[in-house]
Amino acid sequence: MTALNKDARIAVIGAGAMGAGIAQVAAQSGHQVLLLDNRPGAAAQAIDGIDRQLGKRVEKGKLSVEARAATITRLHAVEAIEALADCDLIIEAIVENLEVKRALFRQLEDICGEHCILASNTSSLSITSIAAQLKHPHRLLGLHFFNPAPIMALVEIVSGLASDPALAECLYDTAKAWGKKPVHTRSTPGFIVNRVARPFYAESLRLLQEGAADCPTLDALMRDAGGFAMGAFELTDLIGHDVNYAVTCSVFDAYYGDTRFLPSLIQKELVDAGRLGRKSGHGFYNYAQGAVRPQPAIVGSTQIVETCVVEGDLGIADPLISRLREHNVEVIRRDGQGVLRVGDAVLALSDGRLACQRAKEDGLRNLILLDLAFDYEKASRIAISCQADIEPTALEQGIALLQKAGFTVSQLSDSPALAVLRTVAMLANEAADALLQGVACAADIDLAMRAGVNYPQGPLAWADTIGLSHILKVLENLQAGYGEERYRPSLLLRRRVAEGRTFHD
Ligand SMILES: NC(=O)c1ccc[n+]([C@@H]2O[C@H](COP(=O)([O-])OP(=O)(O)OC[C@H]3O[C@@H](n4cnc5c(N)ncnc54)[C@H](O)[C@@H]3O)[C@@H](O)[C@H]2O)c1
Numbered sequence: 165m166t167a168l169n170k171d172a173r174i175a176v177i178g179a180g181a182m183g184a185g186i187a188q189v190a191a192q193s194g195h196q197v198l199l200l201d202n203r204p205g206a207a208a209q210a211i212d213g214i215d216r217q218l219g220k221r222v223e224k225g226k227l228s229v230e231a232r233a234a235t236i237t238r239l240h241a242v243e244a245i246e247a248l249a250d251c252d253l254i255i256e257a258i259v260e261n262l263e264v265k266r267a268l269f270r271q272l273e274d275i276c277g278e279h280c281i282l283a284s285n286t287s288s289l290s291i292t293s294i295a296a297q298l299k300h301p302h303r304l305l306g307l308h309f310f311n312p313a314p315i316m317a318l319v320e321i322v323s324g325l326a327s328d329p330a331l332a333e334c335l336y337d338t339a340k341a342w343g344k345k346p347v348h349t350r351s352t353p354g355f356i357v358n359r360v361a362r363p364f365y366a367e368s369l370r371l372l373q374e375g376a377a378d379c380p381t382l383d384a385l386m387r388d389a390g391g392f393a394m395g396a397f398e399l400t401d402l403i404g405h406d407v408n409y410a411v412t413c414s415v416f417d418a419y420y421g422d423t424r425f426l427p428s429l430i431q432k433e434l435v436d437a438g439r440l441g442r443k444s445g446h447g448f449y450n451y452a453q454g455a456v457r458p459q460p461a462i463v464g465s466t467q468i469v470e471t472c473v474v475e476g477d478l479g480i481a482d483p484l485i486s487r488l489r490e491h492n493v494e495v496i497r498r499d500g501q502g503v504l505r506v507g508d509a510v511l512a513l514s515d516g517r518l519a520c521q522r523a524k525e526d527g528l529r530n531l532i533l534l535d536l537a538f539d540y541e542k543a544s545r546i547a548i549s550c551q552a553d554i555e556p557t558a559l560e561q562g563i564a565l566l567q568k569a570g571f572t573v574s575q576l577s578d579s580p581a582l583a584v585l586r587t588v589a590m591l592a593n594e595a596a597d598a599l600l601q602g603v604a605c606a607a608d609i610d611l612a613m614r615a616g617v618n619y620p621q622g623p624l625a626w627a628d629t630i631g632l633s634h635i636l637k638v639l640e641n642l643q644a645g646y647g648e649e650r651y652r653p654s655l656l657l658r659r660r661v662a663e664g665r666t667f668h669d
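If you read the sequence shown in this note's numbering, its first letter stands for residue 165, the second for the next number, and so on.
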């Protein structure tokens with residue numbers, strides 16, 4: 165089956181933030197779109213709102229006057245559900261409540277033809293459950309847009325137990341024809357994005373709770389070292405803590421309390437205090453007029469270093485060598501266990517053990533651990549941690565070397581797998597479980613995380629680049645260090661390492 169053609173009549177029910185955006189997308193793609201809301205006048209108001217948005221784009225020269233007018237003439241506010249009788253696709257974007265959605269779809273089945281595809285924009289409810297009481301449950305699927313729908317490219321096409329695969333293909337092709345990046349996913353809690361993204365928030369929240377660093381430092385590391393568009397604290401301030409905390413709780417409950425999805429007490433406290441983020445003027449940061457944004461903590465050194473020794477292979481951190489050379493550091497290479505020596509200091513990429521533990525176990529003095537960077541050649545910042553009894557001069561020499569290579573250096577307390585590495589390892593681990601459980605294919609999981617939450621790389625491809633054996637080691641060490649099930653490596657990760665394969669093989 166191919167995409168619905170332009171003659172197909174679309175209806176959107178619910179003219180709130182999502183419904184209005186979805187209606188706009190469909191109308192811009194050439195469909196006649198009926199918009200219905202149970203609040204009288206809301207649909208017409210939403211169309212006025214779309215017109216104003218399009219007007220701004222015309223003013224900026226991004227849209228022609230004709231295209232604006234054409235889109236608006238295709239949008240029709242209706243006040244009665246019976247008006248949807250002739251529709252070919254009805255997309256529901258009403259209140260997130262199972263019983264209300266079920267009742268609406270039951271009502272729709274009595275009104276529209278048997279060929280009409282029914283779709284829900286639900287973020288957290290099971291498509292299987294919504295469809296359960298329908299006469300024709302095969303025709304109900306999830307069509308999960310991201311906010312704001314006209315801008316965000318990702319659409320998750322969600323299939324429940326009874327959903328017809330041919331209709332899933334039709335919605336996939338239709339979303340593509342609308343200029344979106346669709347992915348297929350099975351109806352499981354959080355689908356792809358709201359499940360796989362949980363560790364992004366959870367690991368930063370945990371590091372904060374453990375006093376590893378403060379919010380601005382962890383946010384800066386995620387951006388400037390990890391390559392993410394925003395750190396977890398600034399992002400949750402933007403999303404709203406009530407919304408982000410509710411999604412975490414819903415995924416946690418849906419997975420029967422699996423501790424990998426454990427909500428954070430710190431975030432709950434913000435919700436309890438009404439500090440919901442930007443929208444309430446205060447979250448992790450203060451948004452009041454005149455409030456001063458705290459700066460990330462950095463460490464500096466006045467030592468002068470000109471030479472270092474690389475023993476063995478630095479793995480994913482190997483591009484550091486050329487970066488150091490470009491900054492006029494002489495790099496001598498020798499065989500060894502993958503460490504970088506400068507003066508009395510030893511630097512090594514974290515493997516998930518504490519610095520104090522690794523120093524003892526590997527017989528290393530003055531050990532400084534390096535965090536992951538998305539791109540060691542270009543990252544402007546890097547995190548380090550070190551054993552508590554490091555000689556101050558050695559620490560300064562290590563910092564000086566990184567400074568000389570052009571990094572701003574932020575030091576975390578001795579925390580397993582630091583910040584970026586533990587986050588990426590946990591994202592990859594969750595993505596691996598989703599892949600193992602057939603929630604989606606590897607390519608779609610990676611695409612969903614790039615297009616839905618703007619990650620610099622899909623977590624599975626990122627883990628492939630880092631090396632799956634290193635990711636496995638990091639997770640095993642995290643699990644041993646914390647003694648918690650939360651960090652247990654996915655069976656699929658173990659299997660791929662044993663088979664010598666990557667996730668994308
Ligand atoms: N806001 C997001 O970021 C986001 C992202 C993806 C998916 N979603 C999902 O989209 C849906 C809508 O979310 P939203 O943020 O647009 O909500 P919203 O509160 O902005 O809008 C919901 C609209 O639905 C109307 N409505 C409620 N019950 C109705 C009914 N029985 N019949 C007709 N209209 C009804 C309301 O009057 C309101 O205008 C939810 O299922 C939500 O989980 C939201």
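Ideal Cβ positions, reconstructed from N, Cα and C, are used throughout, including at glycine.
Note that the structure is predicted; figures quoted are calculated from it, not measured.
Per DSSP, what kind of secondary structure is residue i in: helix, strand or coil?
i    : result
C121 : Any answer about residue 121 is impossible in this case: the structure gives the chain only from 165 up to 669.
V638 : helix
K345 : strand
S228 : coil
F269 : helix
S293 : helix
V510 : strand
S323 : strand
E246 : helix
S654 : coil
T471 : strand
A604 : coil
I462 : coil
G622 : coil
S288 : coil
E223 : helix
A583 : coil
L307 : strand
A241 : strand
R497 : strand
A207 : helix
L632 : helix
R665 : coil
C503 : Strictly speaking, residue 503 in this sequence is Val, with Cys absent from that position. If DSSP states are grouped into helix, strand and coil, V503 belongs with the strands.
V588 : helix
I258 : coil
A283 : strand
What residues in its chain sit with their C-beta under 7 angstroms from that of residue i, if we drop five residues either side in the sequence?
i    : result
E489 : Correcting the residue identity first, residue 489 is Arg in this sequence and not Glu. Hits under 7 angstroms: V495.
L582 : S514, L533, D535, A547, S549, L576
V573 : I462, V463, I546, I548, I563, L566, Q567
Just to confirm, does residue i get its C-beta within under 7 angstroms of one of the non-hydrogen atoms of ligand 2?
i    : result
H308 : With respect to ligand 2, the structure shown offers nothing to examine, as its ligands consist of ligand 1.
Once the 5 residues before and after residue i are set aside, which same chain residues still bring their CB inside 6 angstroms of it?
i    : result
T338 : A167, L168
I630 : I480
G500 : E475, G476
A377 : L576
If you check the beta carbons only, do residue i and residue j fall under 8 angstroms apart?
i    : j    : result
L636 : L656 : no
C550 : A519 : yes
G129 : G447 : Since the first and last residues shown for the chain are 165 and 669, residue 129 lies out of range.
L632 : P580 : no
P322 : S351 : It should be pointed out that residue 322 corresponds to Val in this sequence rather than to Pro. Yes, these two residues count as a Cβ contact at 8 angstroms.
T286 : L325 : no
G180 : L199 : no
L298 : L304 : yes
F397 : L382 : yes
A598 : A604 : yes
A283 : E256 : yes
E333 : T587 : no
Near residue i, what residues of its chain come up, given a Cβ to Cβ distance below 8 angstroms and the 5 sequence neighbours on each side ignored?
i    : result
T557 : Q467, G507, D508
A455 : Y449
P427 : Y409, T412, C413, F416
T235 : Q188, A191, Q192, I214, L218
G570 : R487, H491, S544
Q196 : R173, I174, R238, H240
M613 : I356, V357, V360, A361, L591, A595, Y619, G622, P623
Segments assigned alpha helix (DSSP H), at least 4 residues, entirely inside the region 396-457: 396-403, 405-418, 429-437
Runs of alpha helix (DSSP H) lying entirely within the region 512-580, each at least 4 residues, in chain order: 519-526, 556-568
Jot down the residue ranges of each uninterrupted beta strand (DSSP E) in the region 325-397, minimum 3 residues, whole runs only, in chain order. 345-350
Which runs of the beta strand (DSSP E) at least 3 residues long sit entirely within the region 166-193? Give them in chain order. 174-177
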